[in-house]
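Numbering (this note's numbering), first residue to last: 849 to 1098.
For reference, the structure discussed in these notes is given below.
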């Protein structure tokens, strides 16, 4: 008995379906057709989240900075440990200055997080960016680029130029014990106030309260009688206010 037209169609279609990872239709009881459910097909690339340094943080030329990020994708390449599938690159003013490839085995947690220690080049700039790139098991490309960072050097120190707007840089280290350092920048001369508060908003310390010229100032906070917990640094100038979260771990 010769095949019916629909049977010839199914047989002709089978190789194309197999190439896509799908099952070909097959005859069920009677004359109906049963279609096997398709396999999962991912069309979205890996998703990155940049964790550190914070956007706009100033990098110091000649010193090491810790880059941190998390990565999420249910279809990451399997068996790739040691094969370095993740690309990391650094650009200064659009020019490539460093590139590396990393193993996914470095990730911990869920979603996995990663850390990379980079020696910042002594290239004064207002535009240093780093980029992550990774293709998953389906070949989908995921990439993310950081916000621009400034690189300060001896020739162009961080305190030399006033910021365009009132700035309160991330404290370092954070979390910290026993001390951390805070830097704030004034776009013009004024009388800023930098204070530390607990989660109830109570003022615990006043690090600066008085006149200061345009530019940057760095101060240390060394709490001795406070317990581990979350605190806040608050910078106020002419009615404008900025806040940073500080984490003390003893």
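For each residue, glycine too, the CB sits at the ideal point set by N, CA and C.
Computed from a prediction, not measured in an experiment: that's the story for all the values here.
Asked                                                                                                             : Found
Residues that residue 1015 bridges to, as DSSP identifies them                                                    : 1033
Endpoints, beta strand (DSSP E) assigned at residue 975                                                           : 973-983
Cutoff 7 Å; reference residue 1086; Cβ partners in own chain excluding five residues on either side               : 1038
Alpha-carbon spacing of residue 1079 relative to residue 985, whole angstroms                                     : 43 Å
Burial state of residue 1091, where buried means 16 or more other Cβ atoms lie within 10 Å                        : exposed
Under 8 Å between C-beta atoms of residue 1010 and residue 1033                                                   : yes
DSSP state of residue 809 mapped onto helix, strand, coil                                                         : Outside the shown range of the chain, which is 849 to 1098, sits residue 809, and nothing can be said about it.
Residue 996 versus residue 1012: straight-line alpha-carbon distance, rounded                                     : 15 Å
Minimum C-alpha distance to residue 1052 - residue among 1060, 1042, 1061                                         : 1042
C-beta atoms of residue 933 and residue 982 nearer than 8 Å                                                       : yes
Residue 1081 versus residue 1066: straight-line alpha-carbon distance, rounded                                    : 13 Å
Simplified DSSP assignment, three categories, for residue 1097                                                    : coil
Residue 887, buried or exposed, once every other Cβ within 10 Å from all chains shown has been counted against 16 : Below a pLDDT of 50, predicted positions are generally treated as unreliable, and residue 887, at 49, falls in that range; the measurement from the model is reported next regardless. Flag for residue 887 reads exposed.
Run of the beta strand (DSSP E) containing residue 1020, from where it starts to where it stops                   : Residue 1020 -> no beta strand (DSSP E), and no H or E assigned at all.
Nearest to residue 1055 (by Cα), restricted to the options 944, 894, 1044, 1028                                   : 1044
Chain C within 8 Å of residue 980, Cβ atoms only                                                                  : No chain C appears in the structure shown, which is made up of a single protein chain.
Identified DSSP bridge partners for residue 1089                                                                  : 1084
Reference residue 1063, options 1035, 1083, 1077, closest by Cα                                                   : 1035
Exposure of residue 1077, with buried meaning 16 or more beta-carbon neighbours within 10 Å                       : exposed
Residues near residue 967 by beta carbon distance below 7 Å, same chain, minus five either side                   : 912
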